[in-house]
Amino acid sequence: MTDPAAVPWHLPGRSLYDQSPASSTWLGDRIVDAALDVASHVARQKLTILAATAIDADMCLRSQELIERCGDLGDLVRSVTDEIHLLEASPGYDVSHSEPCWPHRILVSVPDRHDEIGALRFAEGVIHEAMHLALTFLENDRPLVLSEADEMASPWREEPRPIGGVLHGLFVFSCLYAAFRMMAGRIDAAAADHVSGRLRDISEEVGSIDLSVLMSGLTPLGCTLARRWSEACR
Numbered sequence: 030m031t032d033p034a035a036v037p038w039h040l041p042g043r044s045l046y047d048q049s050p051a052s053s054t055w056l057g058d059r060i061v062d063a064a065l066d067v068a069s070h071v072a073r074q075k076l077t078i079l080a081a082t083a084i085d086a087d088m089c090l091r092s093q094e095l096i097e098r099c100g101d102l103g104d105l106v107r108s109v110t111d112e113i114h115l116l117e118a119s120p121g122y123d124v125s126h127s128e129p130c131w132p133h134r135i136l137v138s139v140p141d142r143h144d145e146i147g148a149l150r151f152a153e154g155v156i157h158e159a160m161h162l163a164l165t166f167l168e169n170d171r172p173l174v175l176s177e178a179d180e181m182a183s184p185w186r187e188e189p190r191p192i193g194g195v196l197h198g199l200f201v202f203s204c205l206y207a208a209f210r211m212m213a214g215r216i217d218a219a220a221a222d223h224v225s226g227r228l229r230d231i232s233e234e235v236g237s238i239d240l241s242v243l244m245s246g247l248t249p250l251g252c253t254l255a256r257r258w259s260e261a262c263r
């Protein structure tokens, strides 16, 4: 059995992992059209839903293959994600979204390119939002934050953010850091350059977090996890 501390997505407590056999197209199978109420809700946040057919099938399959290179990360993604809706994004940019009120739904933008880098970008969006859901499931059982009112500087926002939000960011990006390192071995040169850039960016962002301030607002378990996730990005 793998050491629970070996990768950031190995969370304590109850198992979040999907033990059912995976379909050979499990990622594409989860991409569905959004209901009108969902589309209207995200439109108020200036997000535009696309049809489920908006993504290139081969690129989607390649994104799945990249996720599957990351050990049991794919099992966790499958266990927390039932529906994926596609979003529109400006060329060269990626957006993604999830909300606690939708415990098994994520929204991810379609990259403007269909090559290996496009597959990496879509895989990153899926992992990013799925990890937010996974940590929310853990928080429902085991509190990690002392007070939702406390705020601190965040490397991902210009304004102070709730400590819980910074903890979520730390977890998500530590998972992405570990995932990118696992993906890096068998990709083309351009994709390898993209991964190197993302690893560098994530390491710098996580390194800029004032861990002492973050941990001052966390429970003992939250402190243990924050320290582990921070160390995973070095």
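In this text, residue positions in the sequence shown follow the working numbering: the first is 30, and each later residue adds one.
For glycine and all other residues, C-beta sits at the position ideal for the given N, C-alpha and C.
CA-to-CA distance, residue j to residue i, given in whole angstroms
i	j	result
Ser225	Met88	21 Å
Ser92	Ala118	18 Å
Leu243	Leu115	33 Å
Val347	Val106	Only positions 30 to 263 of the chain appear in the structure, and residue 347 is not among them; the question remains open.
Gly103	Thr82	22 Å
Met212	Ser53	19 Å
Gly57	Glu260	33 Å
Leu250	Val235	19 Å
Arg59	Ile192	31 Å
His126	Pro172	23 Å
Trp185	Asp62	29 Å
Ala218	Arg210	15 Å
Pro50	Met181	42 Å
Tyr206	Gly100	14 Å
Ala68	Cys130	15 Å
Among the options, nearest to residue i - alpha-carbon criterion
i	options	result
Ile146	Glu188, Val195, Val124, Ala220	Ala220
Trp55	Asp66, Leu40, Arg73, Ala86	Ala86
Val195	Ala152, Gly246, Gly100, Arg227	Gly246
Ala178	Arg190, Pro50, Asp222	Arg190
Glu97	Asp123, Glu153, Pro129	Glu153
Asp239	Arg229, Ala255, Arg227	Ala255
Buried or exposed by the 16-neighbour rule on C-beta atoms within 10 Å, applied to residue i
i	result
Gly42	exposed
Leu65	exposed
- Touch check for the segment 148-165 and the segment 125-139: three-plus C-beta pairs under 8 Å? yes
- Query: Considering only residues of the segment 53-124, which uninterrupted beta strand (DSSP E) runs meet the minimum length of 3 residues and lie entirely inside it, listed in chain order?
  - Reply: 112-116
- Segment contact flag, the segment 194-211 with the segment 162-177, C-beta cutoff 8 Å, min 3 pairs: yes
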